[in-house]
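Enquirer: Be aware that the sequence shown starts at 54, since it is given in the numbering used here, and climbs by one per residue. Glycine included, every Cβ here is placed at the ideal spot set by N, Cα and C.
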Amino acid sequence: MGNPMAERRVVTWSATGAVATIMIDNPPHNVINREVRAGLSACLSAVEQDDSVRVLVIAAAGDRFFSPGGDISETPSKVTEEQARALTQEVSDQLLQIDEFPKPTICAVNGIAMGGGFVLAIACDLRVAAENAIFGLPEQKVAVFPGGGGTQRLPRLIGEGRAKELLFTADPIDAHEAHRIGLVNRVVPVGRALCAAQELAARIAEFSSPILRATKVAVHASRTADVAAGLALEVDSFARLTQTEDVQEGYRAFIEKRKPRFQHR
Numbered sequence: 054m055g056n057p058m059a060e061r062r063v064v065t066w067s068a069t070g071a072v073a074t075i076m077i078d079n080p081p082h083n084v085i086n087r088e089v090r091a092g093l094s095a096c097l098s099a100v101e102q103d104d105s106v107r108v109l110v111i112a113a114a115g116d117r118f119f120s121p122g123g124d125i126s127e128t129p130s131k132v133t134e135e136q137a138r139a140l141t142q143e144v145s146d147q148l149l150q151i152d153e154f155p156k157p158t159i160c161a162v163n164g165i166a167m168g169g170g171f172v173l174a175i176a177c178d179l180r181v182a183a184e185n186a187i188f189g190l191p192e193q194k195v196a197v198f199p200g201g202g203g204t205q206r207l208p209r210l211i212g213e214g215r216a217k218e219l220l221f222t223a224d225p226i227d228a229h230e231a232h233r234i235g236l237v238n239r240v241v242p243v244g245r246a247l248c249a250a251q252e253l254a255a256r257i258a259e260f261s262s263p264i265l266r267a268t269k270v271a272v273h274a275s276r277t278a279d280v281a282a283g284l285a286l287e288v289d290s291f292a293r294l295t296q297t298e299d300v301q302e303g304y305r306a307f308i309e310k311r312k313p314r315f316q317h318r
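(1) If N79 and V63 are in contact, beta carbons under 8 Å, what's the gap, nearest whole angstrom?
(2) When we look at the beta-carbon of C248 and count the other beta-carbons within 10 Å, is it buried (16 or more) or exposed?
(3) If I'm right that G122 touches G92 with Cβ under 8 Å, what's the distance once you round it to whole angstroms?
(4) For the beta strand (DSSP E) holding S67, just list the boundary residues, first then last.
(5) Rounded to the nearest angstrom, how far is the Cβ of I165 from that of C177, given a contact under 8 Å?
(6) Report yes or no: do three or more beta-carbon pairs, one from the region 132-148 and one from the region 257-271, lie closer than 8 Å?
(7) Could you give the distance in angstroms between the alpha-carbon of V72 and the alpha-carbon of D299?
(8) Going by the beta-carbon positions, is the gap between A68 and A161 smaller than 8 Å?
(9) Going by DSSP in three states, I159 sits in which element: helix, strand or coil?
(10) When the Cα atoms are used, what is the spatial distance from I85 to P313?
(11) My understanding is that A112 touches A250, with C-beta atoms under 8 Å, so please give their C-beta distance in whole angstroms.
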């Protein structure tokens with residue numbers, strides 16, 4: 054019989070209906086070390102390939118820590134520029150994998166989400182935070198450049214001025230302030246973040262998967278495309294997707310005054 058500790062995985066995924074949940078469980082604080090990054094990549098690939106899954110929730114075990122970020126013990130006190138570049142590129146690539154994940158993603162945030170935990174949360178499409186959630190980018194306090202997409206995704210999410218304040222001061226904010234400035238979509242009681250995120254995911258998963266995916270692509274295109282190019286993408290997506298079975302079902306359901314039964318094709 055194998056050693057149960059040796060077989061334990063720090064990142065797992067499961068599915069209920071059309072909603073998958075990736076769970077980070079790396080006690081005591083859910084630091085994002087090499088093992089967690091490898092587990093995340095494997096789970097993301099598996100969920101992407103599972104056609105029965107239409108929405109993804111990313112969460113962390115426990116109520117006190119979503120994640121304080123990377124494992125400092127994995128970074129030697131002195132690194133070469135090449136070593137530093139390789140590490141941050143690995144982190145950046147993984148967060149881009151989440152950002153560009155073809156299905157809608159929701160992050161359930163409980164407790165502390167700092168540094169690497171913070172940028173993981175903002176790489177998702179939506180965020181549901183428990184009332185005890187604390188967000189921050191503390192890198193300035195230790196003279197570390199705030200990488201992982203913090204300087205890129207955060208301004209797009211909450212505006213340049215607010216993003217600069219969080220980045221320059223390294224001040225943490227609580228869940229209600231995060232909601233006020235648009236960093237999180239919903240705030241729920243402690244212990245409810247995962248359930249609330251899964252409930253929201255289940256609602257979204259009822260809609261047509263091709264339309265949801267195309268909507269995400271169009272919204273992301275607005276980051277770099279000018280308005281004319283973005284509108285052209287909208288026109289193309291609208292026209293192309295009128296040929297799906299789900300669009301026809303949506304029209305029929307509307308006329309017949311019933312709930313549509315989408316086949317996600």
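Expert: Concretely, from the data shown:
(1) In the sequence shown, residue 79 corresponds to position 26, counting from 1. In the sequence shown, residue 63 corresponds to position 10, counting from 1. Contact flag correct, Cβ pair sits at about 4 Å.
(2) As a working note, residue 248 is residue 195 in the sequence shown. Result: exposed.
(3) Start at 1 with the first residue of the sequence shown, and residue 122 comes out as number 69. Start at 1 with the first residue of the sequence shown, and residue 92 comes out as number 39. Their Cβ separation, rounded to whole angstroms, is 16 Å, which puts G122 and G92 out of contact at 8 Å.
(4) Within the sequence shown, numbered from 1, the residue matching residue 67 stands at position 14. Taken as a continuous stretch (DSSP letters only), the beta strand (DSSP E) holding S67 covers V64 to T69.
(5) The residue labelled residue 165 in the question sits at position 112 within the sequence shown. The residue labelled residue 177 in the question sits at position 124 within the sequence shown. So it is not a contact: roughly 17 Å between Cβ atoms.
(6) no
(7) Start at 1 with the first residue of the sequence shown, and residue 72 comes out as number 19. Start at 1 with the first residue of the sequence shown, and residue 299 comes out as number 246. About 19 Å.
(8) Residue mapping note: residue 68 aligns to position 15 of the sequence shown, counting from 1. Residue mapping note: residue 161 aligns to position 108 of the sequence shown, counting from 1. Against a cut-off of 8 Å, the Cβ pair of A161 and A68 comes out as no contact.
(9) Counting from one through the sequence shown, the residue named residue 159 turns up at place 106. Reduced to three states, the DSSP call for I159 is strand.
(10) By one-based count along the sequence shown, residue 85 stands at place 32. By one-based count along the sequence shown, residue 313 stands at place 260. Taking the straight line joining both Cα atoms gives about 41 Å.
(11) As a working mapping, residue 112 is identified with position 59 in the sequence shown. As a working mapping, residue 250 is identified with position 197 in the sequence shown. Contact holds; Cβ gap of about 7 Å.
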